[in-house]
Structure formats: structure tokens, C-alpha cells
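Here our numbering is used: position 167 in the sequence shown is 177, and no number is missing along the way. From the three backbone atoms N, C-alpha and C, an ideal C-beta is built for every residue, glycine too. Computed from a predicted structure; not experimentally measured. Reviewing the structure listed below.
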Amino acid sequence: MDIQGFSQTYWYIWFIIVLFIVSLVLVNGVGVYLYRKKRRKFLQQTNRIDNEIPMRTSLNSTSFKLSNPSYGSMSTLSIGKRPSRCTNSKVHPSRDVKISTIHETVRSDQSDSSFSSSDEVQLSLEEFQRQALKEHNNIRTIHNKPLMKLDQSLNLYAQYWAERCARANVVIPSKLDWRMHCKGELLDESLVSINSTEILDGSRFTYLLMSKGNQSHEVDCILNELSTEVGFGRAKSHPNDQTQTSQWIGVAHYYPCRQLTTVQS
Numbered sequence: 011m012d013i014q015g016f017s018q019t020y021w022y023i024w025f026i027i028v029l030f031i032v033s034l035v036l037v038n039g040v041g042v043y044l045y046r047k048k049r050r051k052f053l054q055q056t057n058r059i060d061n062e063i064p065m066r067t068s069l070n071s072t073s074f075k076l077s078n079p080s081y082g083s084m085s086t087l088s089i090g091k092r093p094s095r096c097t098n099s100k101v102h103p104s105r106d107v108k109i110s111t112i113h114e115t116v117r118s119d120q121s122d123s124s125f126s127s128s129d130e131v132q133l134s135l136e137e138f139q140r141q142a143l144k145e146h147n148n149i150r151t152i153h154n155k156p157l158m159k160l161d162q163s164l165n166l167y168a169q170y171w172a173e174r175c176a177r178a179n180v181v182i183p184s185k186l187d188w189r190m191h192c193k194g195e196l197l198d199e200s201l202v203s204i205n206s207t208e209i210l211d212g213s214r215f216t217y218l219l220m221s222k223g224n225q226s227h228e229v230d231c232i233l234n235e236l237s238t239e240v241g242f243g244r245a246k247s248h249p250n251d252q253t254q255t256s257q258w259i260g261v262a263h264y265y266p267c268r269q270l271t272t273v274q275s
């Protein structure tokens, strides 16, 4: 049987082959479209976080409330202008802004409906910060590094950024120039996120940082012998509609900025 006769007799085979190729092209096209749509949404969320950074506001005095549904307390950040002491704005572009007041309201008597009273105690942000500091200093002691202490302004910055990421459900580092507002110098920053129904405490947060590995940025920050002050923040995103799990986000800010540290294994 010649090729022409075979084609005429078994034409449906060629039809199936052509149909398969067309279907493959359509599936690939839909996949590319969905990927670009999801990436566009991600970039929009990222830009929204960047554009809403309060420290870049031109107002003379502004207050911002930091609230997290995972615990019943709120913090208020007030910032104001101050005369710059630096003549070269390229070196310290943000020295004209500082945190002027930090107000923390008393925890509401009515606990959140999604947590029991015992959970409210465990969800204390202050307790999380104390736990994280203790674990950090335990690790620094093992490696013969000086101990650090908590700094309220660093805590506020770390908590603010954790809540920003949690609201957008996107974990991204903060801008370098924004971090310079707190102390007038660059801060180190470490971030972790975990999908879990369990509460993120200070011990687990420090463990997640150390699990990045000896040569990681996170471990270098913890063991930076020049760092004397640290601040911690923690926030919880809204539960996933399908899995009902939330993303816990932890942020640490270190001052002064680190130098490269080698960890002895």
C-alpha cells in the first residue's frame, strides 16, 4: 500500500495527531497566560508595600497604627521632622526623620474570638521578643560573642514590616534607605516565614533563622560581634481558604550592621 492510499484509508489517525498538537499548543498558551497574570499580581502587591512605607511621607507629623489579628494589642508609631545634622545628604539621606513617640495601648479585655485565653498569653508580642532575644544570646554565648539587648525602636520597625508583609501575604526585604530612618545608619534584617497552625514563638523563630546554614546571611546577623541592639517583630497572615493554615512571618533588625562572620562548624 502506497502512502497516498494509506492516508486516505486511515485519515482519522492524522486527524488525531493534528488535534493533539493543537491541544498542546493551547495548553501551553493558557499556562503562560496564567503565569504572567499571577506574576503581575505579585508585582502589584510588592509595589503597593513599597509605596505605602510611612517613613517616606512628606508630612511633618504622622501616626500609624500597627494591628495584628493574631493578638489583641496595637502599637502606634508617630514620626516627626528634625533638623539634619549631616551636611552630606548622600551619606545619610534619612537623618531628618526619627521616631518621636511610641505608644502601646493596654490589651483589650475581650479576647479575639478565634483564640482562647491561654492562646492570648502565648501570643504576647513582648514574650515573643524576650524569647527571641534569649535564644539569640544563648547562641552568641556559645560562639563567644557579646550579648545583645532589645531596643524599642528596632522592635517597632521589625513589627511594622512584619505586619506589612502579612497583610499583603508577601515576604520581601524592606528597602535599605527605609531602614536607615531608625538609627541614622543601615540596619541588618532577617526574615522567615512558615505555614503553620501553631504559634510562632521566639525559640522557633531563632531556630528557623539558624536552619538557613552556617554561611547564610541570617546566621551572620545573629553572630555579628559588632551588633549590640536587636528588635523583633511577628505577624500572621489571613488563613488560606482551602487549607485553613496561616503564614507566620518573623522579622529581626540588628544594629549596628554586620560584618562577614565565619562560623566554626
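Take Thr151 and list the residues in its own chain whose beta-carbon comes closer than 8 Å to its own, dropping the five residues that flank it on each side.
Leu157
CA-to-CA distance, Ser256 to Arg177, given in whole angstroms:
12 Å
According to DSSP, simplified to helix, strand and coil, what is Asp198?
strand
Helix, strand or coil at Glu137 [DSSP, three-state]
helix
Straight-line gap, Glu137 to Leu44 (C-alpha atoms, nearest Å)
Rounded to the nearest angstrom, the two C-alpha atoms are 43 Å apart.
Identity of the residue in Val42, Leu34, Leu219 and Leu29 nearest Ile204 by Cα:
Leu219
By the three-class DSSP mapping on this structure, what secondary structure does Lys222 have?
coil
What residues are listed by DSSP as bridge partners for Leu160?
Val240
Flag this pair as yes or no: are the beta carbons of Gly212 and Gln141 separated by less than 8 Å?
yes
Among the candidates Phe215, Thr216 and Asn179, whose CA atom is the shortest distance from the CA of Lys51?
Asn179
In terms of alpha-carbon separation, which member of Phe215, Arg49 and Asp187 lies closest to Gln139?
That would be Phe215, whose Cα lies nearest to the Cα of Gln139.
So the beta strand (DSSP E) Val261 belongs to, where does it begin and stop?
Ser256 to Tyr265
Using a 10 Å radius around the Cβ and a threshold of 16 neighbouring Cβ atoms, would you call Arg49 buried or exposed?
exposed
C-alpha gap between Ile259 and Ile31, whole angstroms
Taking the Cα positions, Ile259 is about 45 Å away from Ile31.
Less than 8 Å between the C-beta atoms of His263 and Ala168, yes or no?
yes
For the ligand NAP, is there any heavy atom lying closer than 7 Å to the beta carbon of Leu160?
The model on display carries no ligand, and the ligand NAP is accordingly not part of it.
Bounding residues of the alpha helix (DSSP H) (the contiguous stretch that carries Glu228)
Taken as a continuous stretch (DSSP letters only), the alpha helix (DSSP H) holding Glu228 covers His227 to Ile232.
What residue does the alpha helix (DSSP H) around Asp187 start on, and which one ends it?
Leu186 to Lys193
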